[in-house]
Amino acid sequence: MTKYLVLLAGLENEWNDAEPADRERWHQDHVTFGREVGSAILGGEALDGIDTATTVRRRSGTVELTDGPYAEAAEQLGGFYLLEAPDLDQVVKWCALLPEIYSIEIRPCIQIEGLTD
Amino acid sequence: MIQPIEAVWRDEWGRLLALLVAQTRRLDLAEDALADAFERAARTWPEAGTPDNPPAWLLTAARRRVLDRLRAEAVAARKQPLLAVEEQGGERADDVLRLVLLAAHPSLSEEAGAALTLRLVLGISTADIARLFLVPEPTMAARLTRARKKVVAAGVPLAIPDDDVLPQRLETVARVAYLAFTAGYAPGSGADVVRADLAGEAIRLVRLVRGTGRAAAGNAALAALLALMLLQHARRDARVDADGGLVLLPAQDRSGWHRSEIDEGLMLLAELTGTRGAAVDSALAAEYVLQALIAAEHARAARAQETDWLAIADYYRQLEDLTGSPVVRLNRAVAVAEAGDLGNALGLLDGLDEALPHSHRLPAVRAELLSRAGRHTEAAAAYDVALERCENEPEHAQLRARRSALRLT
Chain A
142 MTKYLVLLAG LENEWNDAEP ADRERWHQDH VTFGREVGSA ILGGEALDGI DTATTVRRRS
202 GTVELTDGPY AEAAEQLGGF YLLEAPDLDQ VVKWCALLPE IYSIEIRPCI QIEGLTD
Chain B
339 MIQPIEAVWR DEWGRLLALL VAQTRRLDLA EDALADAFER AARTWPEAGT PDNPPAWLLT
399 AARRRVLDRL RAEAVAARKQ PLLAVEEQGG ERADDVLRLV LLAAHPSLSE EAGAALTLRL
459 VLGISTADIA RLFLVPEPTM AARLTRARKK VVAAGVPLAI PDDDVLPQRL ETVARVAYLA
519 FTAGYAPGSG ADVVRADLAG EAIRLVRLVR GTGRAAAGNA ALAALLALML LQHARRDARV
579 DADGGLVLLP AQDRSGWHRS EIDEGLMLLA ELTGTRGAAV DSALAAEYVL QALIAAEHAR
639 AARAQETDWL AIADYYRQLE DLTGSPVVRL NRAVAVAEAG DLGNALGLLD GLDEALPHSH
699 RLPAVRAELL SRAGRHTEAA AAYDVALERC ENEPEHAQLR ARRSALRLT
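So this is what it looks like as structure tokens:
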């Protein structure tokens, strides 16, 4: 079994600016996803907008804060799931249940020795 | 004559590797071990004689090599990532299909998938794959390493997907195979016009995939692609003259075309387009069918003058509707001109410059059509643009000859 981080990227405010019927449909997609994937979901959250983001960088001994996300891009991270799956095909199959508004990035997690799970 | 070891390599590489990968769950290890076993065979068989069961000999040698490597790794206490493999017992009939679907996985770029598939499924050397795709060998080696790593780390499984996904995955295999095929016919920047032998390996790949079971055998895109490649590849020998120069279709000696391959392609095509044939229900299959129909028109004409250009122009029109490709429109313009309608042909070229800003074929075609229309001054200007963009030596020479044949006042 491999852990996969499923990153949900989309246009900022697409969800907030949408018609209520669309929002309800997308919400139901997440509910279906949750039901189908079940206990293979190890975690997941929806994120607040990029105007609430703070980027921290350590530069020559000082901690530097910047207002905003780490990368300016048309699509921004809006939420994530952490899943456990036997393989990539399974994750792709599950991701097909999620709302069509996202670009979904699937990243396998690696185990690092010395860090407790 | 094919040496026994080469025959075994051609027939058995993919099956043996699929088996080793399933058992070891280690792509790198299995591939190295099998290559090693073949090397050992090449050293020992000529003297000791070919064993009674060559594949079994190779499998045993490869397994021994795997065990050696695993022991060495255990001593070094390094844990390597394992491939995602379904639980299984012994060898299965569709093992090779699993390997194909792993190598031609849609999570890889088509270029990487094509290279990895040729390497893993057909056992083609990195040097030959590099030659096919016109890149330096170290570049191809790095591309293959990256692809192997991605497959293992991302968890691409050695498995047959569900029935609702399988047809789509087989179409990815078709795309990857066609990419390898067209790479073999893409003109290089030097005088190496045809890497046709390597292009032919794409045909071998599709045959092998179609032989893995009902789903692959019944896949319309794979069938149409096989027909298309057979019809085009049948012309390979007539494409090159004694000096290695490129011979274009109208000037080719048609007695040099491989008739049996053409017949096979036509038969496959008839099955696809006939009433009782499998329904061509995918856009990709429809695209390959139309391209194959075009190749079939050329194959049917006993002489270049007998080509049915009206039929070809109509297939190109359908193909353009389907794909919206500017290259298809360019080919359509050529067909329309060959069918005798110069005015419409030149009109079809309008607006293509934006879509094909670096193409030397577009100004070359325009020059040819203008020259046929007697507009020699404009033709010369178009040839100049084409010559500036063309990097292929044989084609450059042909363009120069055509330009100097113009009557300029």
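Taken in sequence, the protein lines are chains A and B. Remember, this note's numbering sits 141 above the position in the first sequence when you count from 1. Remember, this note's numbering sits 338 above the position in the second sequence when you count from 1. Cβ coordinates follow ideal geometry from the N, Cα and C atoms, glycine included.
Cβ distance (whole Å) where residue i is taken to contact residue j below 8 Å
i              : j              : result
G219 (chain A) : A159 (chain A) : In fact, because the Cβ distance is near 12 Å, the residues do not count as touching under 8 Å.
D352 (chain B) : L437 (chain B) : Strictly speaking, residue 352 (chain B) in this sequence is Gly, with Asp absent from that position. About 6 Å separates the two Cβ atoms, so the contact holds.
A491 (chain B) : P249 (chain A) : 6 Å
L458 (chain B) : L355 (chain B) : 6 Å
R748 (chain B) : L584 (chain B) : Residue coverage of chain B in this structure runs from 339 to 747, which leaves residue 748 (chain B) outside it and unanswerable.
L631 (chain B) : V618 (chain B) : The Cβ separation is near 11 Å, so there is no contact.
L680 (chain B) : L660 (chain B) : Wrong, their Cβ atoms sit about 26 Å apart, outside the cutoff.
Limits of the unbroken alpha helix (DSSP H) element including residue i
i              : result
E449 (chain B) : E448 to L460
V473 (chain B) : That residue, V473 (chain B), is in no alpha helix (DSSP H); it is neither H nor E in DSSP.
R574 (chain B) : Per DSSP, R574 (chain B) belongs to no alpha helix (DSSP H) and is neither H nor E.
K144 (chain A) : Segment T143 to L152 is the beta strand (DSSP E) holding K144 (chain A); no alpha helix (DSSP H) there.
G681 (chain B) : L680 to L687
T715 (chain B) : H714 to R727
G538 (chain B) : A534 to R548
R667 (chain B) : P664 to E676
A640 (chain B) : Per DSSP, A640 (chain B) belongs to no alpha helix (DSSP H) and is neither H nor E.
V703 (chain B) : R699 to R710
L229 (chain A) : L229 to C236
E692 (chain B) : L690 to A693
A524 (chain B) : Here A524 (chain B) belongs to no alpha helix (DSSP H), and DSSP marks it neither H nor E.
A555 (chain B) : R552 to A555
Run of the beta strand (DSSP E) containing residue i, from where it starts to where it stops
i              : result
S180 (chain A) : Looking at the DSSP string, S180 (chain A) is not in any beta strand (DSSP E), and its letter there is neither H nor E.
T362 (chain B) : Careful: T362 (chain B) lies outside any beta strand (DSSP E), inside the alpha helix (DSSP H) at P342 to T362.
T207 (chain A) : T203 to D208
L218 (chain A) : E216 to A226
V197 (chain A) : T195 to R200
Residue i - DSSP class collapsed to helix/strand/coil
i              : result
V172 (chain A) : helix
T388 (chain B) : coil
R611 (chain B) : Residue 611 (chain B) is actually Thr in this sequence, not Arg. Helix.
T645 (chain B) : coil
S593 (chain B) : helix
A529 (chain B) : For A529 (chain B), the predicted model reports a pLDDT of 47, less than 50, meaning its position is unreliable and no value from the coordinates is stated.
E254 (chain A) : coil
E247 (chain A) : Note that residue 247 (chain A) is Ile in the sequence shown here, rather than Glu. Strand at I247 (chain A).
E160 (chain A) : coil
L496 (chain B) : strand
L508 (chain B) : helix
L584 (chain B) : strand
A422 (chain B) : strand
R740 (chain B) : helix
A442 (chain B) : coil
V618 (chain B) : coil
V578 (chain B) : strand
A651 (chain B) : helix
A373 (chain B) : helix
A187 (chain A) : strand
Y211 (chain A) : coil
H696 (chain B) : coil
I632 (chain B) : helix
D466 (chain B) : helix
M339 (chain B) : With a pLDDT of 45 at M339 (chain B), under the threshold of 50, the predicted position of this residue should be treated as unreliable, though the coordinate-derived value follows. Note: M339 (chain B) maps to coil in three-state DSSP.
E625 (chain B) : helix
P732 (chain B) : helix
I242 (chain A) : coil
Q: Return the residues of the region 208-222 of chain A that lie within a Cβ-Cβ distance of less than 7 Å from chain B, sorted by chain order.
A: Here the close residues number zero.
Q) Going along the region 233-251 of chain A in order, which residues come within less than 9 Å of chain B, judged by CB to CB distance? A) When C-beta distances to chain B are compared with 9 Å, the residues of the region 233-251 of chain A below that value are V233, K234, I247, R248, P249 and I251, in chain order.
Q: Determine contact between the region 186-206 of chain A and the region 459-476 of chain B, defined as no fewer than three beta-carbon pairs at a distance below 8 Å.
A: Contact between the region 186-206 of chain A and the region 459-476 of chain B is absent: fewer than three C-beta pairs spanning the two stretches fall below 8 Å.
**Q.** Residues of the region 428-455 of chain B with Cβ closer than 7 Å to any Cβ of chain A, in chain order
**A.** Those would be S445, in chain order.
Q.
Does the structure place the region 195-202 of chain A close enough to the region 227-237 of chain A that three or more beta carbon pairs sit under 8 Å?
A. Flag = no, the region 227-237 of chain A and the region 195-202 of chain A do not touch.
Q: Count the C-beta pairs between the region 494-513 of chain B and the region 440-455 of chain B that are closer than 8 Å, then say yes if the count reaches three, no if not.
A: Taking a cut-off of 8 Å for Cβ pairs, the region 494-513 of chain B and the region 440-455 of chain B touch, as three or more such pairs fall below it.
Q) Three or more beta-carbon pairs under 8 Å between the region 179-195 of chain A and the region 367-383 of chain B, yes or no? A) Result no; under three Cβ-Cβ pairs closer than 8 Å.
Q | Contact the region 560-574 of chain B vs the region 601-611 of chain B: 3+ CB pairs below 8 Å | A | Yes, they touch.
Q | Residues within the region 463-495 of chain B neighbouring chain A, beta-carbon criterion of under 7 Å | A | Within the region 463-495 of chain B, contact with chain A at the beta-carbon level (separation under 7 Å) is assigned to A491, A492, G493, V494 and P495.
Q: Below 9 Å between beta carbons is the criterion; list the residues of the region 378-410 of chain B that meet it against any residue of chain A, in chain order.
A: Residues of the region 378-410 of chain B whose Cβ lies closer than 9 Å to any Cβ of chain A: none.
Q | chain A contacts made by the region 543-576 of chain B, where a contact means CB separation under 9 Å | A | Residues of the region 543-576 of chain B with a C-beta atom less than 9 Å from some C-beta of chain A do not occur.
Q | the region 391-403 of chain B touching the region 343-350 of chain B, judged by at least three CB pairs closer than 8 Å | A | Contact between the region 391-403 of chain B and the region 343-350 of chain B is present, because at least three Cβ pairs lie under 8 Å.
Q) Does the count of Cβ pairs from the region 651-669 of chain B and the region 684-694 of chain B closer than 8 Å reach three? A) In short, these stretches touch, since the Cβ pair count reaches three.
(Q) So, does the region 540-556 of chain B touch the region 515-524 of chain B, judging by three or more C-beta pairs under 8 Å? (A) The region 540-556 of chain B is in contact with the region 515-524 of chain B.
**Q.** Residues from the region 148-160 of chain A in contact with chain B, defined by Cβ distance under 8 Å
**A.** Flagged: no residues at all.
Q) How about the region 632-639 of chain B and the region 648-659 of chain B: do they share at least three Cβ pairs that are nearer than 8 Å? A) Judged by Cβ distances under 8 Å, the region 632-639 of chain B makes contact with the region 648-659 of chain B, as three or more pairs qualify.
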